[in-house]
Structures are given as C-alpha cells and as structure tokens.
Amino acid sequence: MSPAPSDAGSEIDEAVRELSELRRGRGIFATDIEQRTGRILRETCAIQTTDTERQIREKLIQAITSLATMLPDDLQLAALTALGMEENCSGEFLDQRLKWLAEALGRDPRTARRRVDLAFRRMAEELIEKKQSPADDYSAEQWHTESVHGVFRLDLEFPVLTEIRQIVSSVNGLDEIQLPATAPRRTPSQKDHVRAEFMYGGRILEHRQASPSHMILTVQLAKTLHIGERYEYCIQYTVLSPELMHSYYFLTPLRKTSRFSARVKFAPDRLPRHVWAVHGIPPRAAEEINSEDVPMTIDRIGEVTAEFELLRQGLTYGLRWSDS
C-alpha cells in the first residue's frame, strides 16, 4: 500500500532535510558521514549497520549521481557542488562551494543557494518514489554503455582522445543521446579548449557548456534503435589548450557501464615518472595519490593500458600520471 499524499509530502520534506544535512562542511567527504546519513537515505541506498564509512560514502555517491542525472544541467551542477561531488570545485566548505557555484552559473550567491534547494527538492521527490517502488531503479535509463575503448594520444602537438563506445538501447525509438564530458576550465583569453567531433555513428546537434569545465553534447544517432539493440559510435576530442590539460584520463560513469579500456600514448621525450590505475574511487579523491592506486609500467613505445569491468556509477576509473 502506498502512503497517503500527506505522508509522502512529509517524507519528501524529511528527505530534503537529510540531503541538506549532508551538504554541511566537507559534504559527502565529511568524516562523520555515518552520523549524518538519515533514515530515508539509508533505506533507499541499502545502507547496512555493518557498512564501513567508505561503503556508506560509495552508496551515497552512486545514488546521488543517479538522481542528479535526471535534473536540468544547472540543478545537477548545484546539487553536486553543494554536496562536494563537483570535481572542479575547489571549495572545501559549503560557503566556498556556493561561491564557486554562483560564479559558474553567473548568478549571485542567494540565487545559487535557491538552485541547490530546488535541486534537493527534486531529488527528494525521486527518493520517495524509489522508496515506494523498491523494484524500480533510480531512473528509467533509455540506454546504457556496454563498453568504452579509449586511446589518448599525448605524443601529438594537440592531444587527441578517441573513444569507441558500444551502447545498448533500453527503449524503442531511441534516436538521440546526451554525452557529458569534462574539459579544462574556460579562461577569458580563450573560448574553447576542446573540439569534439564524430568519426562515425553520430552527429552533434547541440554543444552546451553546463559549467566552466563541463560540456554536454546532444547527439543524433545514424539510425533509430529498438529495445536491446546494440550500437557503436566513435567520437574524438582534440585538446586545443594542452597547457590547461589535467594529468589523467578518467571515466566517471553516470549510467550502467560494463567495460572500460583506457590506453594512453606518451611522447618519447615527455614520459611521466609515475603512472597509476585508479579503480573506482570518489571523483574528488581521484586526482590525489591513493593507497589503493595501482602503479603501472609504461612499455617501450611509450604506452600504458588499463582494463576495468562492471564499473560502478558515480565512481572514477582510469589512468593518472605525474612528473614528480
């Protein structure tokens, strides 16, 4: 039996309060995350009393990431920033993160806070819907990723990332998809740092800058897909401002992703001293050296490859390197 409307409304309010509690201080990375996690989040995220702090954090990140994908771009950015999950926001505490959000949105801090409140309200509504229908997933995904094979060439004047992706449609009539990507932040002196183009399998209909460091591509597929149909496309990203490029190749899946193969080719005269494989850690922790990172060896032609399977939504996988 479903709760009465008044009961559902009360639970939505409670879920909003729980999300607001998580955003305080360091947000999702607070050391007292277990004490901050409320009843509704525990139930909907299947958090057990025996779960460790890390397990609780991972479950929350996966759930919040899934919920955030259903929000408009500005609200998605607001929610992830407030909770400390926006990887390009350097603010350690909530006030700093809200200031960054206001600048990213081009709005004043009060408006940025209202966007966060609205995002939390939308997410709370979805949480309660999930709680009432536990057999359903967080979202009715129209498609998921079966595999990603990426080659990042750093031996070129302008680095090029080529990705071959295989997706599977979950609905009939799928003819467009949206692809998020992270790029170096814009500066006043240069408008575009990354050029995206399809080698085959798709055409870019719209290129939106969701934030200074996030772009979202609306892509038209070459044909309309049916339920269960597999489809392959190849997209290429050219880095036009190499000096602003991060020292990593990461994938943080927002949809179900079965396999990811990451290959990086370094220039022979610019080999890094260290390379690590990153296996499913929170995005904001991925750039830092972690005890669970796996040291990798560059082969004699300057390449390194890592393979990942059964990736978890909201966590980061890939390769990171350093000259120090």
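Numbering (my numbering), first residue to last: -17 to 306.
Ideal placement from N, C-alpha and C gives every residue a C-beta, glycine not left out.
Quick caveat: nothing in here was measured; it's all calculated off a predicted structure.
- Collapsing the DSSP output to three states places I110 in a helix.
- In the three-state scheme derived from DSSP, where H, G and I count as helix and E and B as strand, L83 is classed as helix.
- Just so you know, the alpha carbons of Q148 and D157 end up roughly 15 Å apart.
- Note that the C-beta distance between L87 and A94 is below 7 Å.
- With contacts defined as CB atoms closer than 7 Å, L53 and R5 fail to qualify as a contacting pair.
- For E179, the pairing in a beta bridge is given by DSSP as Q218.
- Taking the CA atoms as reference points, S240 sits about 24 Å from R185.
- For a cut-off of 8 Å, the C-beta gap from I110 to A(-3) is around 6 Å, short enough to register as a contact.
- Counting every other CB atom within 10 Å of its CB across the protein chains shown gives F75 a total below 16, marking it as exposed.
- Counting the other Cβ atoms within 10 Å of the Cβ of V276 gives fewer than 16, which makes it exposed.
- Beta-carbon to beta-carbon, T287 and V260 are separated by about 14 Å, too far to satisfy the 8 Å threshold.
- One alpha carbon belongs to I198, the other to E188, and they sit about 8 Å apart.
- In the three-state scheme derived from DSSP, where H, G and I count as helix and E and B as strand, F248 is classed as coil.
- In this structure, V221 keeps its C-beta atom at 7 Å or more from the C-beta atom of V257.
- Membership of K41 in the alpha helix (DSSP H) is indicated by the continuous run E35 to A50.
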